[in-house]
Ligand SMILES: Nc1ncnc2c1ncn2[C@@H]1O[C@H](COP(=O)(O)OP(=O)(O)O)[C@@H](O)[C@H]1O
Ligand SMILES: Nc1ncnc2c1ncn2[C@@H]1O[C@H](COP(=O)(O)OP(=O)(O)O)[C@@H](O)[C@H]1O
Ligand SMILES: [Mg+2]
Ligand SMILES: [Mg+2]
Ligand SMILES: [Mg+2]
Ligand SMILES: [Mg+2]
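Written out as structure tokens, the structure is:
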């Protein structure tokens, strides 16, 4: 176990104390596990609350602040938060304009946010929800759990956050969030499994020299195992899978936002090299890239690997993407 | 080999192409291996050039931009750049006000920057150099290579960059850079070795259940091997080592800037938990923390581990730290 | 008739079983999930035990209601709301009687399991906890022991199934060959019920 | 007398030796360094070979000057400037003669090694390339073969040394027990010289 922790039980609380120490802009309730933008209720804006299992940092707490989330609810590692957290967060950020829950599509997240939404509505808080489900590795059907929510969460939180910051009403913020999700697709690749504090050993065996295609962000294996490929082949596979799905949804043209995301343990040096390959494949396919974000944003603990998320973005989405944001992990124009 | 690369030989060039694709604000010369702030020569400012072996990303290319570096010169992985790079970078950024080289104290970096400085002066460019040597794990003496340069490089580049941005002349920028270095100390811990592309296997054997204390940033083992310790014990060891040295240099009081740095593969979740422990130990010791920066900034490829850097900062240094900065990896106020 | 203490013994036995089997549940959740089912339930049932000790409820329904709410508030993940709903709904069916018959228990659990199916949208054969709960509750008409055994068999029968709900479904064909962790914990829950019945 | 071709053969032999031994040099640089010495020199001597072929220099001094500059421009690290300086300085000492004596070579290399010591600030016993270069050059008075053997012995003698310069010095006591990579490549360089001498 190569972990920098005190004990598996205290990992999330310890991290919250660290976030509180490092970011005086945030109100951190360690006990109740919510991270709230200071003064979130001021300004009469729509609130934006997200959350999910821990282990994906900086998602979500790293995205709390002006121009993005109003609050984040971190669950245990890879375990969705409990409804009490989202209920408290909604109460802490609602200025009467209502609150949008940004929910990644996992059974646990869906159920817990759903319960929280019911409790919050009982308390008189208007709630809308957006379900993020961008992962093309997973078959979407009525008879399955549907596509997972992964990298597009960042796009949804940034763009809906900009809309909320600009004073858009709840319905509009929710509509934009859904639009971003509908226009986004992702594909992930693991070069190593990750190790959860509770288990203390890798979540699956991946022999040296093999990789997993179509992984999610919870240390689960992917759809397929393959011998290792050079970065440019991985880019071809990932971009191919994403673009093929993207071509089936409207709008079918226009530039994309690209997120080249590291899973946690892949060095930035490699991630930038992979970015070059991703951009080359996109150029080959005639996809124009309007903005590229590279880094470890939606991670899976210490997993080595990467994911590619593309969002077909019109003028409005690009403008909201470029709007100022000031959070621990994403910051520009402010 | 769990690497996201095309070939060990092309790693640095591939990454530079990715940096060029992701950051239109930067001028990237892939062939000549320099990354220059667009319009660096405009504004009549002192130029700030740094560089070193690759594998420490985002250092240094991630710190090029307004308020920080004018240019970065990435060498091969863990190999200092060659003088031609620094010479070209100096020529590209010099507006006649001269250029400060920020050099981490490694024999290779020192010798190559020294040669570049001589060539540049021959070309009529005024050069000053600052040697960063903050690592307390290494004995500093006339008869050794001296302390290594590690995390303090970020402090030096940020603060000297702010001074240059504000229009300070070369001597002053150099003086401030030296002051920051003199007031900074670091200590690093590895929970795993890293794997260089050229070697393809870990640079040293570290059995599960053990850690290395006093490591540098080039995959070299540390001064001492120990059984794994909980995060709070690691914090006690690292902070203790740093503070003891800090107490021996002037000024002996005043608050500190703290960098809690991940070596590359340690999840942010763990790094924030470690931050809480670092802050607790500092509070116990009566050290006041003015600013805390947490993240993977000065890395060692895919090494798991962390380092702590403290800089005793007076009002002026704090003001320069807070000044706007707009780079790929560090960004605020702009 | 089954009194309040019976339901407290059930919950205590369930907590003990989860404590004993937590590592195995996490192990099972590792190849086809996210390696947390054991620690999730351990956290939840430790809290249930503490809650029941702190303010001992007066009726069977109150025991299950408090246990269900506690699971919802402490577990998270898929299993928190599902098991929480199972217990809350089962409790609700029992009304405010101080003692209930075995038939009441059977009917209430049946309603509880139906609520789980409604909440999670899963059906028999989807490789979820329902594959232990459904046969288990069906066998309750015979005896608590029979229910426990049917649930255990139901859990074992998930091995060859292809998952259609929950995280395991992301694996597609690769979910085949592994026993479902939630079905396994459901079998523990019904075994604990049999244990409480003596 | 040694002509220009002799120095080109030396550099070619050195390039071949580095190519052959690159992995071992990187291996040696792994426990007490940063695992790049082999790939550093491979990059450098590949470039040296190409440069010498592209514009064949006319004098011994020009061969070594071009080789030295090429190493400085392509290697980086500690060894780039040090080996670059060694060759440039040695070349400079040879003046612009078309042929030089073995004694000229000895004196020039002696000056080259002195320049390396001045640049890097290391002395005998610090566990660096100097521990092969110094005894090697001292034995040049006897023969090229003797110089190669003395350098080889000097490299082997670095094993028990405690490093005081270069990266290995960061390890303190733990640097003991490993052979210095730079001393090893220096022995290869002098062996290549002996090979060129035939
Ligand atoms: N839609 C569903 N309906 C019924 N049971 C489900 C459903 N989704 C998941 N489960 C059960 O939950 C179990 C996983 O629980 P747990 O690991 O605690 O939560 P998570 O999957 O969120 O990590 C699965 O093994 C399965 O039995
Ligand atoms: N100050 C010095 N003087 C002489 N030789 C040195 C000095 N520092 C390092 N060396 C030599 O350089 C070798 C390492 O070269 P290399 O691995 O290419 O560079 P780096 O250490 O920068 O990675 C060492 O083994 C040692 O022989
Ligand atoms: Mg989970
Ligand atoms: Mg090196
Ligand atoms: Mg699970
Ligand atoms: Mg080296």
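Chains as they are written, first to last, in the working numbering: chain D, 255 to 588; chain Y, 255 to 588; chain B, 12 to 209; chain C, 12 to 209. We treat Cβ as the ideally placed atom computed from N, Cα and C, and that holds for glycine. Computed from a predicted structure; not experimentally measured.
At a cut-off of 7 angstroms, would you count residue 45 of chain C as near ligand 4, judging by its Cβ distance to the nearest heavy atom? Translated into positions along the fourth chain, residue 45 of chain C becomes position 34. Checking the Cβ of residue 45 of chain C against ligand 4 gives yes.
Step through the CB atoms of chain D and report whether any lies within less than 8 angstroms of the CB of residue 181 of chain B. The residue given as residue 181 of chain B occupies position 170 in the third chain. Interface residue, yes.
Which of the three DSSP states is assigned to residue 502 of chain D in this structure? Indexing the first chain from 1 puts residue 502 of chain D at position 248. Here residue 502 of chain D sits in coil by DSSP.
Can residue 399 of chain Y and residue 136 of chain C be called in contact, C-beta distance under 8 angstroms? Indexing the second chain from 1 puts residue 399 of chain Y at position 145. Indexing the fourth chain from 1 puts residue 136 of chain C at position 125. Cβ atoms of residue 399 of chain Y and residue 136 of chain C: not closer than 8 angstroms.
Mind listing the chain C neighbours of residue 334 of chain Y? Cutoff is C-beta to C-beta under 7 angstroms, in chain order. As a first step, residue 334 of chain Y is located in the second chain; it is residue number 80 there, counting from the start. The contacting residues are 87 and 88.
For a contact defined as C-beta to C-beta under 8 angstroms, what are the partners of residue 128 of chain B on chain D? Counting from 1 along the third chain, the entry for residue 128 of chain B is found at position 117. Within chain D, no residue comes near residue 128 of chain B; the closest Cβ sits about 13 angstroms away, beyond 8 angstroms.
The beta strand (DSSP E) with residue 481 of chain Y in it runs from where to where? Numbered from its first residue, the second chain carries residue 481 of chain Y at position 227. First-last of the beta strand (DSSP E) with residue 481 of chain Y: 478-481.
Three-state secondary structure assigned by DSSP to residue 448 of chain D: Along the first chain, one-based indexing puts residue 448 of chain D at 194. The answer is coil: DSSP assigns residue 448 of chain D none of H, G, I, E or B.
Residue 278 of chain Y to residue 58 of chain B span [Cα, whole Å]: Here residue 278 of chain Y refers to the residue found at position 24 when the second chain is read from its first residue. Here residue 58 of chain B refers to the residue found at position 47 when the third chain is read from its first residue. The straight-line gap from Cα to Cα measures roughly 53 angstroms.
Taking DSSP as the reference, what is the three-state secondary structure of residue 426 of chain Y? As a position in the second chain, residue 426 of chain Y is number 172, starting the count at 1. In the structure shown, residue 426 of chain Y sits in a helix (DSSP, three-state: H, G or I).
Where does the unbroken beta strand (DSSP E) through residue 190 of chain C begin, and where does it stop? Within the fourth chain, numbered from 1, the residue matching residue 190 of chain C stands at position 179. First-last for residue 190 of chain C: undefined, no H or E at that position.
Looking at the C-beta of residue 338 of chain Y, does it have a partner C-beta in chain C at a distance below 8 angstroms? Working through the second chain from its first residue, we reach residue 338 of chain Y at position 84. Yes, residue 338 of chain Y lies at the interface with chain C (some Cβ there is under 8 angstroms from its Cβ).
Pairwise C-alpha distance: residue 465 of chain Y and residue 446 of chain Y: The residue you call residue 446 of chain Y lines up with position 192 of the second chain. The residue you call residue 465 of chain Y lines up with position 211 of the second chain. Going by the C-alpha atoms only, they are around 7 angstroms apart.
Kindly indicate the opening and closing residues of the beta strand (DSSP E) around residue 328 of chain Y. Here residue 328 of chain Y refers to the residue found at position 74 when the second chain is read from its first residue. From DSSP, the beta strand (DSSP E) with residue 328 of chain Y extends over 325-331.
Sorry if obvious, but does the Cβ on residue 6 of chain C come closer than 7 angstroms to a heavy atom of ligand 6? In this structure chain C extends from 12 to 209, so residue 6 of chain C is not present and cannot be described.
To which residues of the same chain is residue 133 of chain C closer than 7 angstroms at the C-beta, ignoring the five residues directly before and after it? Numbered from 1 along the fourth chain, position 122 holds the residue referred to as residue 133 of chain C. Hits under 7 angstroms: 139, 141 and 176.
If we define contact as Cβ-Cβ less than 8 angstroms, is residue 369 of chain D a contact residue for chain B? Position 115 of the first chain, counted from the start, is the residue given in the question as residue 369 of chain D. It does: the Cβ of residue 369 of chain D has a partner Cβ on chain B nearer than 8 angstroms.
Which residues in chain D sit within 9 angstroms of residue 131 of chain B, going by Cβ to Cβ distance? As a first step, residue 131 of chain B is located in the third chain; it is residue number 120 there, counting from the start. The contacting residues are 361 and 365.
Looking at chain B, which residues of the stretch 391-415 of chain D have a Cβ within less than 8 angstroms of any of its Cβ atoms? 391, 392, 393, 397, 398, 399 and 402
Distance, Cα to Cα, residue 493 of chain Y vs residue 564 of chain Y? Position 239 of the second chain, counted from the start, is the residue given in the question as residue 493 of chain Y. Position 310 of the second chain, counted from the start, is the residue given in the question as residue 564 of chain Y. Using only the alpha carbons, I get a separation of about 9 angstroms.
Taking DSSP's pairing of strands, which residues face residue 355 of chain D in a bridge? Within the first chain, the letter at position 101 stands for residue 355 of chain D. Beta-bridge pairing links residue 355 of chain D to D:303 and D:383.
Check whether chain D comes within 8 angstroms of residue 196 of chain B, counting only Cβ atoms and requiring the distance to be less than that. On the third chain, residue 196 of chain B is found 185 positions in, with the first residue counted as 1. No, no contact with chain D.
Starting from residue 283 of chain Y, trace the alpha helix (DSSP H) in both directions and tell me its first and last residue. Counting from one through the second chain, the residue named residue 283 of chain Y turns up at place 29. Residue 283 of chain Y -> not in any alpha helix (DSSP H); beta strand (DSSP E) instead, spanning 280-283.
Confirm, please, whether the CB-CB distance from residue 403 of chain Y to residue 388 of chain Y is below 8 angstroms. In the second chain, the residue the question calls residue 388 of chain Y occupies position 134. In the second chain, the residue the question calls residue 403 of chain Y occupies position 149. Yes, these two residues count as a Cβ contact at 8 angstroms.
Residue 458 of chain Y Cβ short of 7 angstroms to ligand 7 heavy atom set: This structure does not include ligand 7; its bound ligands are ligand 1, ligand 2, ligand 3, ligand 4, ligand 5 and ligand 6.
Does any residue of chain B bring its CB to less than 8 angstroms from the CB of residue 450 of chain D? Locating residue 450 of chain D in the first chain gives position 196, counting from the first residue. Closer than 8 angstroms: yes.
With H, G and I counted as helix, E and B as strand and the rest as coil, what does DSSP make of residue 341 of chain Y? For the purposes of this step, residue 341 of chain Y is taken as residue 87 along the second chain, with counting starting at 1. In the structure shown, residue 341 of chain Y sits in a helix (DSSP, three-state: H, G or I).
Contact set between residue 176 of chain C and chain Y, taken where Cβ atoms lie within less than 8 angstroms: Residue 176 of chain C sits at position 165 when you count from the first residue of the fourth chain. Ordered by position in chain Y, the residues that pass the 8 angstroms Cβ test against residue 176 of chain C are 361, 398 and 399.
Report buried or exposed for residue 225 of chain B, applying the criterion of at least 16 other Cβ atoms within 10 angstroms of its Cβ. This structure does not reach residue 225 of chain B, given that chain B is present from 12 up to 209, and the question cannot be answered.
Following a CB-centred definition, is residue 333 of chain D positioned closer than 7 angstroms to any heavy atom of ligand 3? Your numbering for residue 333 of chain D matches position 79 in the first chain. At least one heavy atom of ligand 3 is nearer than 7 angstroms to the Cβ of residue 333 of chain D, so yes.
Are the Cβ atoms of residue 345 of chain D and residue 294 of chain D separated by less than 8 angstroms? Along the first chain, one-based indexing puts residue 345 of chain D at 91. Along the first chain, one-based indexing puts residue 294 of chain D at 40. Not in contact: residue 345 of chain D and residue 294 of chain D (Cβ atoms no closer than 8 angstroms).
Is the Cβ of residue 373 of chain D closer than 8 angstroms to any Cβ of chain A? Looking at the structure shown, chain A is missing, and the protein chains on hand are D, Y, B and C.
Check for me: the alpha helix (DSSP H) holding residue 60 of chain C runs from which residue to which? As a first step, residue 60 of chain C must be located in the fourth chain, where it is residue number 49. Note, residue 60 of chain C: alpha helix (DSSP H), 48-65.
For residue 203 of chain C and residue 71 of chain C, I'd like the C-alpha separation in whole angstroms. Within the fourth chain, residue 203 of chain C is the residue found at index 192, counting from 1. Within the fourth chain, residue 71 of chain C is the residue found at index 60, counting from 1. One C-alpha to the other measures close to 16 angstroms.
I need the DSSP call for residue 441 of chain Y, collapsed to helix, strand or coil. The count along the second chain starts at 1 and reaches residue 441 of chain Y at position 187. Looking at residue 441 of chain Y - three-state DSSP - the assignment turns out to be strand.
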